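Heads up, the thing below is written out as structure tokens.
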Amino acid sequence: MKVVIARTAGFCKGVRDAIEITMNAIQHRVKGEDICTFGPLIHNRQVLTMLGKKGVVDENLIERCAGKKVVIRAHGIPPYSRQQLHRQGATLLDATCKRVARVHAAIKRHARRGYYTIIVGDADHAEVIGLLGYTENRGAVINRPEQIDELPSHWDNVLLVAQTTQNEEVFREVEETFLKKYPNGIVKNTICDSTQERQAEVRQLCSKVEAMVIVGGLHSGNTLRLAEVARDCAIPTFHVETESDLDPQLMALYACVGVSAGASTPNWIIRDVIEFLEAITPEAGTKFRWKHILERLSYGNFYIALATALLAQIAEALTDFAGSAAFSLMAAGYAFAMHSLNIYLDQDSIELNDPGRAAFYRKWRPVFMLSSAISVLAALILAYTIGFPNFLLMLLLILLGLVYGVKLFMPAGWEKFPFKLKDIPTSKTFFVPMAWAAVCVLPYIAGGYDFRRVAYACWVIFLLSLVRTTLRDFLAIQGDRLVGKETLLVLAGEKRTAVFTVGVLLALAITALCGPLAGISSGFSFFLIAPALMYGLFLKIGSKRRLREDPLYDVLVEIVLIVAGLSAMVWNLTH
Numbered sequence: 137m138k139v140v141i142a143r144t145a146g147f148c149k150g151v152r153d154a155i156e157i158t159m160n161a162i163q164h165r166v167k168g169e170d171i172c173t174f175g176p177l178i179h180n181r182q183v184l185t186m187l188g189k190k191g192v193v194d195e196n197l198i199e200r201c202a203g204k205k206v207v208i209r210a211h212g213i214p215p216y217s218r219q220q221l222h223r224q225g226a227t228l229l230d231a232t233c234k235r236v237a238r239v240h241a242a243i244k245r246h247a248r249r250g251y252y253t254i255i256v257g258d259a260d261h262a263e264v265i266g267l268l269g270y271t272e273n274r275g276a277v278i279n280r281p282e283q284i285d286e287l288p289s290h291w292d293n294v295l296l297v298a299q300t301t302q303n304e305e306v307f308r309e310v311e312e313t314f315l316k317k318y319p320n321g322i323v324k325n326t327i328c329d330s331t332q333e334r335q336a337e338v339r340q341l342c343s344k345v346e347a348m349v350i351v352g353g354l355h356s357g358n359t360l361r362l363a364e365v366a367r368d369c370a371i372p373t374f375h376v377e378t379e380s381d382l383d384p385q386l387m388a389l390y391a392c393v394g395v396s397a398g399a400s401t402p403n404w405i406i407r408d409v410i411e412f413l414e415a416i417t418p419e420a421g422t423k424f425r426w427k428h429i430l431e432r433l434s435y436g437n438f439y440i441a442l443a444t445a446l447l448a449q450i451a452e453a454l455t456d457f458a459g460s461a462a463f464s465l466m467a468a469g470y471a472f473a474m475h476s477l478n479i480y481l482d483q484d485s486i487e488l489n490d491p492g493r494a495a496f497y498r499k500w501r502p503v504f505m506l507s508s509a510i511s512v513l514a515a516l517i518l519a520y521t522i523g524f525p526n527f528l529l530m531l532l533l534i535l536l537g538l539v540y541g542v543k544l545f546m547p548a549g550w551e552k553f554p555f556k557l558k559d560i561p562t563s564k565t566f567f568v569p570m571a572w573a574a575v576c577v578l579p580y581i582a583g584g585y586d587f588r589r590v591a592y593a594c595w596v597i598f599l600l601s602l603v604r605t606t607l608r609d610f611l612a613i614q615g616d617r618l619v620g621k622e623t624l625l626v627l628a629g630e631k632r633t634a635v636f637t638v639g640v641l642l643a644l645a646i647t648a649l650c651g652p653l654a655g656i657s658s659g660f661s662f663f664l665i666a667p668a669l670m671y672g673l674f675l676k677i678g679s680k681r682r683l684r685e686d687p688l689y690d691v692l693v694e695i696v697l698i699v700a701g702l703s704a705m706v707w708n709l710t711h
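Per my numbering, residue 137 is the first one in the sequence shown, and the count goes up by one each step.
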């Protein structure tokens with residue numbers, strides 16, 4: 137089945153900010169501190185379940201929030217609820233969407249001047265309840281143009297606003313009727329830009345596909361609007377929370393399906409729906425086995441181990457020093473062990489990015505632990521056979537890898553500094569390439585080799601690995617943001633990181649050209665311009681379409697290194 141994905145699908149900024157505030161509160165929670173949200177933080181059961189596992193529940197009664205740290209939901213709350221929470225001794229963390237807060241301010245400003253406020257929205261929706269609280273008891277809620285006629289005619293000063301997730305076409309119809317009745321009334325289209333873009337894109341998609349699947353909470357206002365927009369286009373529409381809500385036999389009737397999602401829907405849920413649909417054939421609705429195989433190999437760190445082994449071959453080809461298979465096996469053992477062990481110290485972001493991967497790791501934890509221990513031992517033995525100084529360097533790399541995700545002892549007065557190496561900003565982005573570069577040139581560090589060639593090879597492998605890590609971060613950005621992992625992508629933003637990555641690719645290409653000319657590298661260096669060009673292409677793909685590349689995109693990123701490494705192996709055998 138062909139699947140056309142809406143570019144705007146996934147978390148909006150307001151939802152992302154609300155979850156970041158909550159995750160930051162969890163990360164810095166002191167012992168004995170209770171954290172809750174006043175009402176569901178967002179309208180997505182899966183995310184709320186994940187927060188519940190971290191001890192954050194939603195409370196609907198103000199009395200139950202007494203003395204707790206309370207996160208104000210993204211939809212906002214009425215001012216009187218805020219005042220009551222303060223009286224109960226609650227510490228408030230305001231996660232109200234900034235777009236919603238602007239509507240609060242507009243209503244409050246006009247209410248002080250005696251205006252009546254008409255809100256176009258759903259009367260029982262949390263956001264609308266919050267908006268009404270700022271009208272000073274001079275507000276009304278409608279959701280159809282004809283309801284304007286039911287409102288008093290004597291209102292002189294009237295303000296018309298909208299629930300931020302309202303249907304754009306409905307609001308325009310209401311606006312037209314409103315101005316006929318209240319010609320001096322003030323109209324503020326407070327529908328969020330993100331909502332307008334999503335609805336416009338759904339209308340466009342409906343003209344290109346045979347059916348639409350809208351992914352998101354069944355009680356999510358903006359998701360319901362998207363489904364409503366699709367149905368208004370007279371196209372079969374399926375509003376689902378997860379892929380389990382879809383009937384494969386029914387969906388097999390369509391050859392081309394569009395997918396969009398509400399603003400509170402995580403990427404991994406959208407991705408699961410897309411993979412489910414793409415695996416359906418009109419005849420049977422069966423799943424492609426090759427994707428399953430690629431996925432399991434990726435989960436098992438097979439590509440990481442293979443890529444690192446072949447990076448060692450690149451180091452040999454660049455330096456023209458005599459190497460051996462032991463060098464590659466040592467590098468592969470180290471990379472496999474460190475990645476396998478650290479996944480169990482990084483469960484939060486894995487859970488939020490890909491619950492299927494997290495479940496796989498939980499199921500096979502004993503196997504990963506045993507194989508990692510064997511790999512560490514093998515790496516140490518191979519390093520020892522090269523030389524005792526190499527053994528010590530490998531031991532140091534392993535120790536640093538093991539403590540990467542472990543809380544370190546900090547003396548009194550240093551509590552504000554990171555407790556773990558992985559908590560250092562951008563550590564995930566830079567530490568992995570540094571470790572890979574070090575382990576790949578380790579055999580040449582203490583053996584009387586030309587330092588310039590060793591340093592050159594180390595630098596090239598670092599650049600290759602840095603681009604590879606950054607590209608993979610584009611896939612993991614949502615989970616990294618939610619758990620507060622400060623990768624370069626999270627800190628600098630997607631546009632700046634893309635520019636930075638382009639700079640690294642240019643540095644890699646220039647280095648590849650200059651190495652042989654400066655006499656510090658073999659001619660193999662020229663071949664590394666091809667991976668730089670391929671990674672440039674993947675950067676364009678990964679920065680714009682992060683929903684459908686897992687596991688295929690993930691595998692392709694590793695395959696670039698693998699192909700480059702195989703080329704190096706051929707070079708080493710023929711030179």
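Glycine residues also receive a C-beta, built at the ideal position from the N, C-alpha and C atoms.
It should be emphasised that the depicted structure is a prediction, and the values quoted were computed from it without experimental measurement.
Expected contact under 8 Å - CB spacing of residue i and residue j to nearest Å
{"i": "Gly-269", "j": "Gln-302", "result": "Gly-269 to Gln-302, Cβ: 18 Å. No contact."}
{"i": "Cys-576", "j": "Ala-441", "result": "The pair is not a contact, with the Cβ atoms about 13 Å apart (cut-off 8 Å)."}
{"i": "Phe-463", "j": "Glu-452", "result": "7 Å"}
{"i": "Leu-229", "j": "Leu-221", "result": "With 8 Å as the limit, Leu-229 and Leu-221 do not qualify as a contact, their Cβ atoms being about 11 Å apart."}
{"i": "Gly-212", "j": "Val-236", "result": "5 Å"}
{"i": "Ala-468", "j": "Ser-508", "result": "Ala-468 to Ser-508, Cβ: 12 Å. No contact."}
{"i": "Met-505", "j": "Leu-578", "result": "Between Leu-578 and Met-505 the Cβ distance is about 25 Å, and since that is not below 8 Å, they are no contact."}
Close-in-space but distant-in-sequence residues of the same chain around residue i (CB under 7 Å, 5 per side omitted)
{"i": "Ala-210", "result": "Gly-150, Val-151, Ala-154, Leu-177, Ile-178, Ala-231, Thr-232, Cys-233"}
{"i": "Lys-190", "result": "Ile-162"}
{"i": "Pro-525", "result": "Ala-582"}
{"i": "Val-193", "result": "Cys-172"}
{"i": "Val-693", "result": "Arg-604, Leu-607, Arg-608, Phe-674"}
{"i": "Gly-523", "result": "Ala-582, Gly-583"}
{"i": "Gln-332", "result": "Glu-304"}
Sub-8 Å separation of residue i and residue j beta-carbons
{"i": "Glu-263", "j": "Gln-219", "result": "no"}
{"i": "Thr-455", "j": "Val-590", "result": "yes"}
{"i": "Thr-173", "j": "Val-207", "result": "yes"}
{"i": "Val-239", "j": "Val-297", "result": "yes"}
{"i": "Gly-672", "j": "Leu-624", "result": "no"}
{"i": "Ile-394", "j": "Cys-328", "result": "It is worth fixing the name first, because residue 394 is Gly in this sequence and not Ile. No, the Cβ-Cβ distance between Gly-394 and Cys-328 is not below 8 Å."}
{"i": "Ser-657", "j": "Tyr-585", "result": "no"}
{"i": "Leu-382", "j": "Phe-412", "result": "yes"}
{"i": "Gly-352", "j": "Thr-401", "result": "yes"}
{"i": "Ser-396", "j": "Glu-305", "result": "no"}
{"i": "Asn-160", "j": "Gly-459", "result": "no"}
{"i": "Phe-598", "j": "Ala-634", "result": "no"}
{"i": "Leu-430", "j": "Val-691", "result": "yes"}
{"i": "Leu-607", "j": "Leu-675", "result": "yes"}
{"i": "Met-570", "j": "Ala-515", "result": "no"}
{"i": "Ala-366", "j": "Lys-138", "result": "no"}
{"i": "Phe-496", "j": "Tyr-540", "result": "no"}
{"i": "Leu-362", "j": "Gly-398", "result": "yes"}
{"i": "Val-376", "j": "Val-349", "result": "yes"}
{"i": "Thr-647", "j": "Trp-595", "result": "yes"}
{"i": "Phe-314", "j": "Ile-284", "result": "yes"}
{"i": "Gly-275", "j": "Pro-214", "result": "no"}
{"i": "Leu-600", "j": "Pro-667", "result": "yes"}
{"i": "Leu-533", "j": "Tyr-470", "result": "yes"}
Same chain only: Cβ atoms within 6 Å of residue i, ignoring 5 sequence neighbours per side
{"i": "Lys-423", "result": "With a pLDDT of 47 at Lys-423, under the threshold of 50, the modelled position of that residue is not reliable, and the figure given next carries that caveat. Ala-415."}
{"i": "Leu-295", "result": "His-246, Tyr-251, Thr-253, Ile-322"}
{"i": "Ala-97", "result": "The question about residue 97 has no answer here: the residues shown for the chain are numbered 137 through 711."}
{"i": "Glu-379", "result": "Asp-408, Val-409, Phe-412"}
{"i": "Asn-479", "result": "The question names Asn, yet the displayed sequence has Ile at residue 479. The answer, listed in chain order, is Tyr-497."}
Own chain, CB closer than 8 Å to residue i, minus 5 neighbours either side, in chain order
{"i": "Leu-683", "result": "Its pLDDT being 43, under 50, Leu-683 is placed unreliably by the model, and the measurement read from it follows with that caveat. Excluding residues within five positions, the ones whose Cβ falls inside 8 Å are Ile-141, Ala-145, Gly-146, Asn-403, Ile-406, Arg-407, Ile-410."}
{"i": "Glu-312", "result": "Pro-281"}
{"i": "Cys-96", "result": "Beyond the ends of the chain as shown, which are 137 and 711, falls residue 96; an answer cannot be given."}
{"i": "Asp-292", "result": "Asn-320"}
{"i": "Glu-309", "result": "Pro-281"}
Cβ-heavy atom distance, residue i to the ligand SAH, below 7 Å
{"i": "Leu-229", "result": "This structure lacks the ligand SAH; in fact it carries no ligand of any kind."}
Exposure of residue i, with buried meaning 16 or more beta-carbon neighbours within 10 Å
{"i": "Asn-320", "result": "exposed"}
{"i": "Arg-249", "result": "exposed"}
{"i": "His-164", "result": "exposed"}
{"i": "Cys-132", "result": "Shown here, the chain extends from 137 to 711; a query on residue 132 therefore has no answer."}
Chain B contact for residue i (CB, 8 Å cutoff)
{"i": "Trp-707", "result": "No chain B is part of this structure, which consists of one protein chain only."}
> Fully enclosed by the region 157–225, which alpha helix (DSSP H) runs are 4 residues long or longer?
Replying inline: 181–189, 215–223
> Residue ranges of each beta strand (DSSP E) run of no fewer than 3 residues wholly in the region 367–431, ordered along the chain?
Replying inline: 373–376, 392–397
> Can you list the alpha helix (DSSP H) stretches of 4 or more residues lying completely in the region 247–326, in chain order?
Replying inline: 262–268, 304–317
> At which residue ranges does the region 486–531 contain complete alpha helix (DSSP H) runs of 4 or more residues, listed in the order of the chain?
Replying inline: 491–499, 501–522
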